[in-house]
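Contents: one structure, followed by commentary.
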Amino acid sequence: MSNIQRARRIPNSNGQILIENWVEERATEHLDHRIEQQNINQPSSPPTTKKTSHTAILTQHFDCPLDNVTTYRQNYNKFGPFEQKEQGARRKRLEYELTRQVTSELNAQKREYDESLRQERIDESNSEYRTQYNKEFESKPPPATQVNILK
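Number 69 in the numbering used here belongs to position 42 of the sequence shown; there are no gaps in the numbering.
What follows is the structure, encoded as C-alpha cells:
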C-alpha cells in the first residue's frame with residue numbers, strides 16, 4: 028500500500044526543491060559579492076538582487092557593473108495570443124496556404140512510400156508455389172475405361 032501511495036504523490040509536495048534551493052543559496056553566499064548600491068539613489072533590494080543574480084558565479088571580476096540582462100530576460104518567450112503582435116490577413120492566409128501545401132506534399136509522399144512498401148512486402152511474401160504455378164494447366168478427369176450404363 029505504501030508503494031502505491033508513494034507513486035501517487037504530487038511532485039515536490041513536501042517542498043524538497045525549495046529546501047535544496049535554500050541550501051544552495053546558503054552554500055554560495057560567500058561568492059556573492061553584490062554591489063550594494065549600483066547607483067547612489069537606488070539601494071539594493073531583495074527583488075533587485077534576485078533579478079540581477081549572483082555576480083561571482085560566472086565571473087571573478089568583482090568590480091564589473093551588473094548587467095541589466097539576465098538569462099530570464101534573454102530566454103523568456105511571451106506566451107499566449109495576448110502578448111504577441113497581431114498578424115495581418117495576408118500573412119495569415121499565406122501561412123495557411125503554405126502549411127496546407129506542405130502537408131499535402133508530405134501526405135502524398137507518405138502514401139507513395141506506403142504503397143511501395145506494401146507492394147514490396149507482397150513481392151517478398153510470394154512462395155515457391157506462387158512463382159512456379161502454371162495457369163495454362165487444365166485439370167481433366169482421366170478417360171473412362173468402360174462404358175457406364177445406368178438407365
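Don't be surprised by glycine CBs; every beta carbon is placed ideally from N, CA and C. Just so you know, these numbers come straight off a predicted model, no measurement behind them.
Within the region 102-178, no beta strand (DSSP E) run of at least 3 residues lies entirely inside it. A straight line joining the alpha-carbon of Leu45 with that of Glu51 spans about 10 Å.
Between Arg53 and Gln43, the alpha-carbon positions lie close to 16 Å from each other.
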